[in-house]
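Peer 1:
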Amino acid sequence: LSLSLSTAEKSPYELAVESYEESIRLRRDYLEPYLSLGLLYARKNRCELAIEQFNDVIDLDEKNITSYSGLVDCYIKQERFDEAIQNLSILERLEPSEIDHNIRKAKVFLILERYKEAKAEYQKILQKDPGNDIAQTKIDSISTLISMLNQINSLIKQADKSLKAGKFSDAI
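Take the sequence shown: its position 127, counting from 1, is numbered 1589 in the working numbering, and each next residue is one higher.
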């Protein structure tokens, strides 16, 4: 009776975690409970625990798309963008025709303000899907942004030169 009371007091999440952990103890070579536990942890924003589970799955199956995708989601939540990019590159190698990996990688590059790399990802999307209007729009927008940033940098350099030369009115 006390066992059922303690079980009844546990949340569905806690019961699921216990169940997956028991499955892992019984069969360490079976990847499904690792994967399910990783996805459960990720949904609860317990990314460190999810990352451990996803890496355990990859140890068992180095081509497991779901685990790499879960790692990417967690790394983005944790702002570990370089690791997200690494795993997106792996996903791209595993599924070269899938444009979602390029879209996600482009978004990470935009967060990092690495505009040329973001543009390159959208160009890859156009190579895979030539009629993709969204990718073309993104390329055009990023090209405009890069051009504007170059102009701003040029103006800043000119202003710096003028300030160093003592030509304050030219710097403004």
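Even for Gly, the Cβ is constructed at its ideal location relative to N, Cα and C.
(1) Looking only at its chain, what residues have a beta carbon closer than 7 Å to the beta carbon of D1535, apart from the 5 residues adjacent to it on each side?
(2) Could you give the distance in angstroms between the alpha-carbon of K1578 and the alpha-carbon of I1547?
(3) I need the DSSP call for P1558, collapsed to helix, strand or coil.
(4) Is the region 1619–1634 touching the region 1581–1592, taking contact as three or more C-beta pairs under 8 Å?
(5) From Q1613 to K1569, what does the alpha carbon distance come to, in whole angstroms?
(6) DSSP three-state label for G1500, please.
(7) Which runs of the alpha helix (DSSP H) at least 4 residues long sit entirely within the region 1515–1562? Give them in chain order.
(8) Can you have a look at F1630 and say buried or exposed, based on whether 16 or more other CB atoms are within 10 angstroms of its CB?
Peer 2: Walking through what the data contain:
(1) A1504
(2) 15 Å
(3) Here P1558 sits in coil by DSSP.
(4) Contact between the region 1619–1634 and the region 1581–1592 is absent, because fewer than three Cβ pairs lie under 8 Å.
(5) 24 Å
(6) helix
(7) 1527–1539 and 1543–1556
(8) exposed
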